[in-house]
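Take a look at the structure below.
2 protein chains.
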Amino acid sequence: MSSAISPLAPKDVPDMPVIAGLKLATAEAGIRYKGRTDVLLAVMDRGTTVAGVFTRSKCPSAPVEWCRAKLARGAARALVVNSGNANAFTGKTGRQATALTAAIAAKAVGCSPNDVFLASTGVIGEPLDATKFDGVLGHLAETAAPGDWLGAAKAIMTTDTFPKVATAAVKLGKAKVTISGMAKGAGMIAPDMATMLAFVFTDAPITAAALQSLLKNGVEDTFNAVTIDGDTSTSDTLLAFATGAAAAHGAPRISRASDPRLKAFTNAFRSVLANLAEQVARDGEGARKLVEITVEGAVSKPSARKIAMSVANSPLVKTAIAGEDANWGRVVMAVGKAGEPANRDKLSIFFNGIRVAKSGARDPAYDEAQVSEAMKQPRIAIKIGLGLGKGRDRVLTCDLTKEYVAINGDYRS
Amino acid sequence: MSSAISPLAPKDVPDMPVIAGLKLATAEAGIRYKGRTDVLLAVMDRGTTVAGVFTRSKCPSAPVEWCRAKLARGAARALVVNSGNANAFTGKTGRQATALTAAIAAKAVGCSPNDVFLASTGVIGEPLDATKFDGVLGHLAETAAPGDWLGAAKAIMTTDTFPKVATAAVKLGKAKVTISGMAKGAGMIAPDMATMLAFVFTDAPITAAALQSLLKNGVEDTFNAVTIDGDTSTSDTLLAFATGAAAAHGAPRISRASDPRLKAFTNAFRSVLANLAEQVARDGEGARKLVEITVEGAVSKPSARKIAMSVANSPLVKTAIAGEDANWGRVVMAVGKAGEPANRDKLSIFFNGIRVAKSGARDPAYDEAQVSEAMKQPRIAIKIGLGLGKGRDRVLTCDLTKEYVAINGDYRS
Numbered sequence: 062m063s064s065a066i067s068p069l070a071p072k073d074v075p076d077m078p079v080i081a082g083l084k085l086a087t088a089e090a091g092i093r094y095k096g097r098t099d100v101l102l103a104v105m106d107r108g109t110t111v112a113g114v115f116t117r118s119k120c121p122s123a124p125v126e127w128c129r130a131k132l133a134r135g136a137a138r139a140l141v142v143n144s145g146n147a148n149a150f151t152g153k154t155g156r157q158a159t160a161l162t163a164a165i166a167a168k169a170v171g172c173s174p175n176d177v178f179l180a181s182t183g184v185i186g187e188p189l190d191a192t193k194f195d196g197v198l199g200h201l202a203e204t205a206a207p208g209d210w211l212g213a214a215k216a217i218m219t220t221d222t223f224p225k226v227a228t229a230a231v232k233l234g235k236a237k238v239t240i241s242g243m244a245k246g247a248g249m250i251a252p253d254m255a256t257m258l259a260f261v262f263t264d265a266p267i268t269a270a271a272l273q274s275l276l277k278n279g280v281e282d283t284f285n286a287v288t289i290d291g292d293t294s295t296s297d298t299l300l301a302f303a304t305g306a307a308a309a310h311g312a313p314r315i316s317r318a319s320d321p322r323l324k325a326f327t328n329a330f331r332s333v334l335a336n337l338a339e340q341v342a343r344d345g346e347g348a349r350k351l352v353e354i355t356v357e358g359a360v361s362k363p364s365a366r367k368i369a370m371s372v373a374n375s376p377l378v379k380t381a382i383a384g385e386d387a388n389w390g391r392v393v394m395a396v397g398k399a400g401e402p403a404n405r406d407k408l409s410i411f412f413n414g415i416r417v418a419k420s421g422a423r424d425p426a427y428d429e430a431q432v433s434e435a436m437k438q439p440r441i442a443i444k445i446g447l448g449l450g451k452g453r454d455r456v457l458t459c460d461l462t463k464e465y466v467a468i469n470g471d472y473r474s
Numbered sequence: 062m063s064s065a066i067s068p069l070a071p072k073d074v075p076d077m078p079v080i081a082g083l084k085l086a087t088a089e090a091g092i093r094y095k096g097r098t099d100v101l102l103a104v105m106d107r108g109t110t111v112a113g114v115f116t117r118s119k120c121p122s123a124p125v126e127w128c129r130a131k132l133a134r135g136a137a138r139a140l141v142v143n144s145g146n147a148n149a150f151t152g153k154t155g156r157q158a159t160a161l162t163a164a165i166a167a168k169a170v171g172c173s174p175n176d177v178f179l180a181s182t183g184v185i186g187e188p189l190d191a192t193k194f195d196g197v198l199g200h201l202a203e204t205a206a207p208g209d210w211l212g213a214a215k216a217i218m219t220t221d222t223f224p225k226v227a228t229a230a231v232k233l234g235k236a237k238v239t240i241s242g243m244a245k246g247a248g249m250i251a252p253d254m255a256t257m258l259a260f261v262f263t264d265a266p267i268t269a270a271a272l273q274s275l276l277k278n279g280v281e282d283t284f285n286a287v288t289i290d291g292d293t294s295t296s297d298t299l300l301a302f303a304t305g306a307a308a309a310h311g312a313p314r315i316s317r318a319s320d321p322r323l324k325a326f327t328n329a330f331r332s333v334l335a336n337l338a339e340q341v342a343r344d345g346e347g348a349r350k351l352v353e354i355t356v357e358g359a360v361s362k363p364s365a366r367k368i369a370m371s372v373a374n375s376p377l378v379k380t381a382i383a384g385e386d387a388n389w390g391r392v393v394m395a396v397g398k399a400g401e402p403a404n405r406d407k408l409s410i411f412f413n414g415i416r417v418a419k420s421g422a423r424d425p426a427y428d429e430a431q432v433s434e435a436m437k438q439p440r441i442a443i444k445i446g447l448g449l450g451k452g453r454d455r456v457l458t459c460d461l462t463k464e465y466v467a468i469n470g471d472y473r474s
C-alpha cells in the first residue's frame, strides 16, 4: 500500500472558517488502526436540519440503512463517523451496532438517538464493536470545538492520501453564511472496502425539505459525475447539515429550494460539492492523471452521461491515459459499447483541445508529436462530439495504473 | 508487451480433423507485422451456408458492416481474415477497403464478392491498404488445403499468447459430421484494439436459417458469457459455415434448428463454442487465474447474468483474485451495484466450494487458512446464492493483474 500523497492533490488547503452551531472532535477509538484517529463526532445545535443521499447499492451498510430511516424526521444533533470498519454485510449484529452507537452518542450529546446520524468506512463483514465508542463519545462531546476541520477530515480517511475539505461563503439575504465540507475518497485498505463519505455543514437556516432538494440537485453533476473504477460501495454517504445559526444575524429562513433568495447559496453549495468531488477523483487509487470527459451533441443529457461514464469506466481508455497515449480508438470503442445513439461517421474526439478524430476517421491534421506532448499533462480533458443533438454532460475520473492493481491486489503476496 | 504463453493455456492441442468442403491457407501480407503470417483465406465449396453474430457496438468496424449486409443471402464461398489492422473507424476508406478485399478474394476463388466474408483485427483508425491482398489472395486460393488449423489460428492472432482451436465429431443421422473452430482473444498491440474473432466450420448440411438459429442460441451461454475487461470491441465477430459436404455420405439435410435429428449436433456445436470461449478467457491480457462466476437463486436468468457480469467486471473483485484474496466483501459490493433484486440478508458466497458468507454475514465456520489455500488454484469458482428464486447463470472471466495495465498502458513509457 502506497502512502505517498497523490501528485494530483490540491496545492493549497483553504482556511476553514467556523460554522456557528457546529462543533467537531476526533479520537483514537482503536476500531482497527493503531496510532491514528478513527472516530469523528460532530455536534450540532438544536434546530439543525439534515438531508442525505446514499449508495444505490442493493446491499447497503447498516449505517446507510440507519440514516435513511432517520432522515424523514429532518432533524440532527450529532454525526458519528468511524474509519476502520464499514459495518457492512454484518447482518443483525450490524443493526445492533448502529443502535448502540446512536444510543451512546445520544447520551453523550443529550439528544434523542433519532437525531444521531452515522457513517462507517473500512473493513466489510467484520462485526463493529460499538462498545468501543462508550466513554470515547462522552469525552468527545465535552471537548468538541468549532475548529479543527483538517483533523476531522483526517479521522475519516482510509487509504486517502490527503484530507479533503472545501468551503465557500455567500450572502443569504443580507447575512453572510458559510458552507464547509469534508470528504473521503474511494480508498482501500486490506482487506477493506472502497467507500465515499462526504459531510457538508452550513449555518444557513434552511428546512430539511429544501436542503434535501438542494442536495439531490447538487449531487447529480458533482459526486454522481465522478467514477474511480465503476465499483459502487455499499456505504457511499453524503449528508448535509444546516444549523440555522446565521438566522441570529439576520439570514432569512428558507423553506423552499426554489426560493429566489437562495440563488447565490445554491451556487456556492454546488461549488463545495464539486470541489470535494473533484478531490475524490484526484485521490483515486494509484491515480497519476485527473481525467475530465465531456460528451457533446448527444441526443440528451442522460445519454451523454451514459456515454461519458462508459468512457470513464473503460479499463482500456484508463490504461491508455496512464501510458500517456492519446488512444482515441479506445474512446471510439467505449462510445460504441455504451448502447446509446451514436453515429460513427459523425464522431469527433479531442484530447486537451487537440482534435484527433473527426467525421468517423482520424483527423488528417492530427499532429502526433503535439498530442503526445499534451498527454504528459496531469489533467487530461477528453471531449467527444457526437453531432446528433444538444445533450451534453461531463464526468471526472482518473487513470488506471499498476499502482491501482498493487493497492487492491498485492497485500496477500 | 509480454509474449510468454499464458499459464492458463490448455495443456493439449487437439488433433484437428479435415472438414470436407473447406480449405485453408495463410500468408504474410505485410499489413503491419513483419516476419509472421497476417492473412487467412478459407475457401468453401459451393452450397456452403453461413451464419454470424457480431459486436453490439454502435461504432462497428467496416468488415462487421460488410458481413451483416451479406449475411441475409446465407451463402458463403470465402472468408478473408487479416490481423494488424482492424479497418475500424476508417470512414469511407474503410468501406472501400472491404469492397476491394472482397473483389480480390472473389476473383481469386471464382465467386461473387457477395459470397466473401471479412474480418479484421489490429490497429484502429488506420486506413487498411487492401491492395496488399492483390496477388496474395490469388496465390492462397491456389494453395489452400484442408489441413493447417494451427497455422490458420496463428495468422489471426494479435497479442494472443497461444492459438485457439477446438473440434468435435458427432452423428447426424447415420453420418459422422465434424465441427471445428478457431478463435482469437481480446488481445492488444500498441496502439491497437481488443477484438474477439471466432470462426466455426462444419461439413453438416444445414440451411443458413437453421445455422443462424443454432449460433444465436449457442453464443448466449458461451461467448456472450465471457468478459475480460467489459470493453466491447468494435470488431467482435463470430461466423459459422456449413459446407454440407457430409450429405455425400448420407447426412440428412437440416432446415430447422428444432429438428430432433440435430440434437447431438447442437450439443457438439455448443461444446466447440464453449471450448473456444473458455480459451479466450484463459488468454485474457495478463491473466493468471481463470474465474468462473455462478449466480444462483436470482429472480430470473437475465437477472443472474447481470449480477454475474457485475462481479466479473469489477476491478476490485478481479484485483483481489489476482492477490489470491477471498475478498467476499467486494463480491457483495458488486452484487449490490448490479441494480438487480438482491437481499443482503439472504446472500451466501462460496470460493472454490468453501462457503465464506451466509445469511448476510461472514460464515462463522469460515476457515481463513483453508480459503487462502484454495485461492492459490489457477481456476477460481465464485458461487453466489441469492436465495430469491430459481434464476441461475454462469460467466467466465480472468483476474486483473499489473501485467494487464502494463500490456495496455506501458508502450508509451
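Going line by line, the protein sequences match chains A and B. Those letters in the first sequence? Residues 62 to 474, per the working numbering, in order. Those letters in the second sequence? Residues 62 to 474, per the working numbering, in order. Backbone N, C-alpha and C fix where the C-beta goes; we use that ideal spot for every residue, glycine too.
Start and end residues, beta strand (DSSP E) containing residue i
i, result
"serine 409 of chain A", "409-412"
"serine 144 of chain B", "139-146"
"cysteine 128 of chain B", "Looking at the DSSP string, cysteine 128 of chain B is not in any beta strand (DSSP E); the run it does join, the alpha helix (DSSP H), is 123-132."
"isoleucine 441 of chain A", "440-446"
"alanine 418 of chain A", "415-419"
"threonine 458 of chain B", "452-459"
"glutamate 187 of chain A", "First-last for glutamate 187 of chain A: undefined, no H or E at that position."
"glutamate 357 of chain A", "351-359"
Span of the alpha helix (DSSP H), counted from its first residue to its last, around residue i
i, result
"methionine 483 of chain A", "Limits of chain A in this structure are 62 at one end and 474 at the other, which puts residue 483 of chain A out of reach."
"leucine 275 of chain A", "269-281"
"lysine 463 of chain A", "463-470"
C-beta contact flag for residue i and residue j at 8 Å
i, j, result
"proline 207 of chain A", "leucine 83 of chain A", "yes"
"alanine 395 of chain A", "valine 372 of chain A", "yes"
"cysteine 120 of chain B", "valine 111 of chain A", "no"
"alanine 236 of chain A", "leucine 272 of chain A", "no"
"glutamate 339 of chain A", "lysine 367 of chain A", "no"
"asparagine 469 of chain B", "threonine 380 of chain A", "yes"
"glycine 186 of chain B", "phenylalanine 150 of chain B", "yes"
"glycine 279 of chain A", "arginine 331 of chain A", "yes"
Exposed unless 16 or more other CB atoms sit within 10 angstroms - verdict on residue i
i, result
"glutamate 203 of chain B", "exposed"
"aspartate 290 of chain A", "buried"
"alanine 230 of chain B", "exposed"
"serine 296 of chain A", "buried"
"threonine 239 of chain B", "buried"
"arginine 322 of chain B", "exposed"
Among the options, the one whose alpha carbon lies nearest that of residue i
i, options, result
"alanine 365 of chain B", "B:Ala399, B:Tyr465, B:Leu101", "B:Ala399"
"proline 188 of chain A", "B:Thr219, B:Asp460, B:Gly421, B:Ile445", "B:Gly421"
"arginine 134 of chain A", "A:Asn336, A:Pro124, A:Glu429, A:Gly113", "A:Gly113"
"valine 184 of chain A", "A:Gly145, A:Ile443, A:Asp195, A:Val177", "A:Gly145"
"alanine 214 of chain A", "A:Ser122, A:Leu300, A:Thr87, A:Ala229", "A:Thr87"
"alanine 442 of chain B", "B:Thr228, B:Ile382, B:Thr295, B:Tyr465", "B:Ile382"
"asparagine 336 of chain B", "B:Phe260, B:Arg391, B:Ala269", "B:Phe260"
"alanine 166 of chain B", "B:Leu101, B:Ala227, B:Pro376, B:Thr220", "B:Leu101"
"alanine 426 of chain A", "A:Ile415, A:Glu434, A:Ser433", "A:Ile415"
Within-8 Å CB hit, residue i to chain A
i, result
"valine 396 of chain B", "yes"
"alanine 381 of chain B", "yes"
"arginine 405 of chain B", "yes"
"serine 118 of chain B", "yes"
"leucine 461 of chain B", "yes"
"phenylalanine 194 of chain B", "no"
"isoleucine 267 of chain B", "no"
Any chain B beta carbon closer than 8 Å to residue i
i, result
"arginine 423 of chain A", "yes"
"cysteine 128 of chain A", "no"
"serine 67 of chain A", "no"
"alanine 467 of chain A", "yes"
"leucine 457 of chain A", "no"
heavy atom of the ligand ZN below 7 Å from residue i C-beta
i, result
"leucine 299 of chain A", "With respect to the ligand ZN, the structure shown offers nothing to examine, as it has no ligands at all."
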